[in-house]
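The letter at position 46 of the sequence shown is residue 77 when you use our numbering, and the numbering goes up by one with no holes.
Scroll down for the structure; my scribbles are underneath it.
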Amino acid sequence: MTATSTPLGTDFPRQVVELLLNAIDEGTKQAARMLWSILTSFLLEHWIAVLVGLFAIFIFALVRACATGRWAMLGSVTYNYLYFGVLFLIGTIFGPELFANDYFKIVLVILYVVCFVITGKFLSKIGVRR
Numbered sequence: 032m033t034a035t036s037t038p039l040g041t042d043f044p045r046q047v048v049e050l051l052l053n054a055i056d057e058g059t060k061q062a063a064r065m066l067w068s069i070l071t072s073f074l075l076e077h078w079i080a081v082l083v084g085l086f087a088i089f090i091f092a093l094v095r096a097c098a099t100g101r102w103a104m105l106g107s108v109t110y111n112y113l114y115f116g117v118l119f120l121i122g123t124i125f126g127p128e129l130f131a132n133d134y135f136k137i138v139l140v141i142l143y144v145v146c147f148v149i150t151g152k153f154l155s156k157i158g159v160r161r
């Protein structure tokens with residue numbers, strides 16, 4: 032009986048899986064940093080145009096809601112401004128690597144509910160009937 036040994040060691044399959052998972056995690060973080068850099072550089076260069084555009088969209092949604100009595104667009108615009116505005120603040124404070132964390136999805140669900148409730152309260156305050 033001869034004992035066979037692998038030249039790469041008995042832990043080789045486990046090490047390959049660990050290296051692969053670490054590479055995926057690091058690649059996701061690198062992609063988040065790259066996309067965040069692109070977004071922030073665009074916003075820094077065109078911040079006035081972005082703010083004017085966002086304000087114009089909000090005013091258009093508000094005028095349309097008042098004129099037609101349909102409040103869905105205003106609710107959608109308000110919700111998206113809240114949701115993505117908070118995400119931008121979180122990314123600015125904690126860094127874009129946070130978005131690559133799997134546990135951050137829990138925060139996204141909580142943020143979804145909170146923004147939805149706040150949008151509902153806002154629409155109720157300005158007189159929208161359900």
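Where a beta carbon is used, it is the ideal one built from N, C-alpha and C, also for glycine.
All of these numbers come straight from a predicted model, not from anything done at the bench.
W67 and P127 have their C-alpha atoms some 6 Å from each other.
Counting along the chain, V47 sits inside the alpha helix (DSSP H) bounded by residues 43-76.
When DSSP states are grouped into helix, strand and coil, Y134 belongs to the coil group. In this structure F86 is not in contact with V108, their Cβ atoms being roughly 11 Å apart against a cut-off of 8 Å. In the three-state scheme derived from DSSP, where H, G and I count as helix and E and B as strand, I141 is classed as helix. Taking a 10 Å sphere around the C-beta of T150, we find 16 or more other C-beta atoms and assign the residue as buried. Judged by DSSP in its simplified three-state form, L39 adopts coil rather than helix or strand. Using a 10 angstroms sphere on the CB of C97, the tally of other CB atoms stays under 16, which defines it as exposed.
According to the DSSP assignment, V108 belongs to the alpha helix (DSSP H) that extends over 103-125.
Counting the other Cβ atoms within 10 Å of the Cβ of A92 gives 16 or more, which makes it buried.
Pairing L113 with C146, the inter-Cα distance amounts to about 6 Å.
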